[in-house]
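> Sharing a structure with you now.
Numbering (full-length UniProt numbering), first residue to last: 1 to 175.
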């Protein structure tokens, strides 16, 4: 529960002793009042005499105690629900973090590549031969994976020389 509410409310287990103490104080007060003459007390527009006060006061204290107990039960329920909510929120947050980490890991480790058989079928033999003549290693050749059809589909106008420079600038080819 937020600190502001905790300072104003206590769980019922902490206030049960307080209710008993209030009852003892009330009994002491009533015994002291019995020996005094009748007095009038005005509070909030109501006038109570001390002879009427014990019964009325007892009823009001009983109602007050019941309201305090109900408030404490509701507060305990609220605290319990808040703990459950916080736990659920933490679990959801942890799950989302794990999902994001998994996606990041998959993006780092998984390259979008066609299958090996598809590569063999789509490989431009002339380009592969030319890359080998330029002393490109097999890893660099495998990474290029372009054929004339790919270039046409992408509307790219690469000459072999521009392609070679592009491969070199990306670190795919080392001499």
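Ideal Cβ positions, reconstructed from N, Cα and C, are used throughout, including at glycine.
Between which two residues does the alpha helix (DSSP H) carrying residue 191 extend?
Any question about residue 191 goes unanswered here, given that the chain covers just 1 to 175.
> Using the Cα positions of residue 60 and residue 80, report the straight-line distance between them to the nearest angstrom.
Those two C-alpha atoms are separated by around 30 Å.
> Going by DSSP, what residue range makes up the alpha helix (DSSP H) through residue 180?
Here the chain covers residues 1 to 175 and nothing more, so residue 180 does not appear.
> Which of helix, strand or coil does DSSP assign to residue 142?
Looking at residue 142 - three-state DSSP - the assignment turns out to be helix.
> How many angstroms separate the CA atom of residue 96 from the CA atom of residue 78?
For residue 96 and residue 78, the distance between alpha carbons rounds to 27 Å.
> Under a Cβ-count criterion, where at least 16 other Cβ atoms within 10 Å of its own Cβ denotes burial, should residue 131 be classed as buried or exposed?
Its Cβ being crowded by 16 or more others within 10 Å, residue 131 is buried.
> Assign residue 127 to buried or exposed, taking buried as 16 or more other Cβ atoms, counted over all protein chains shown, within 10 Å of its Cβ.
Result: buried.
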